[in-house]
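Report on one structure; see the data block that follows.
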Amino acid sequence: MEVPGFKKDTLWFQLMDGVLNVSGKYKSDGVTYKVDTTLKVPKNADPETATARVENGILTVTMTTKSSKCYNLLQK
Numbered sequence: 086m087e088v089p090g091f092k093k094d095t096l097w098f099q100l101m102d103g104v105l106n107v108s109g110k111y112k113s114d115g116v117t118y119k120v121d122t123t124l125k126v127p128k129n130a131d132p133e134t135a136t137a138r139v140e141n142g143i144l145t146v147t148m149t150t151k152s153s154k155c156y157n158l159l160q161k
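As structure tokens, this is what we get:
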């Protein structure tokens, strides 16, 4: 996600019930810049592993996926 001018300490993250909310605000030269975005994350995403980084105006949020077990119900 593009967040030009924002730094990690000017952004706020909330991940709850499969929804990631990213918001933030900073001032530069008397101008206030804001971001407020909500994104759905995959159902198998593991919020316990979520990390975020901001580099060159790009926000990257990563997390691992929970493994799903598959059972063969037709076993003899």
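Read in order, the letters of the sequence shown are residues 86 to 161 in our numbering. Yeah, the Cβ is synthetic: ideal placement off N, Cα and C, and Gly gets one too. Computed from a prediction, not measured in an experiment: that's the story for all the values here.
- With a threshold of 16 other beta carbon atoms within 10 Å, V107 meets it and is buried.
- Taking the C-beta atoms as reference points, Y111 is found nearer than 8 angstroms to F91.
- Residue state for K93 is assigned as helix, using DSSP reduced to three classes.
- T150 and K119 have their C-alpha atoms roughly 30 angstroms apart.
- By the criterion of a C-beta distance shorter than 6 angstroms, T147 is surrounded in its chain by T136, once the five residues flanking it on both sides are discounted.
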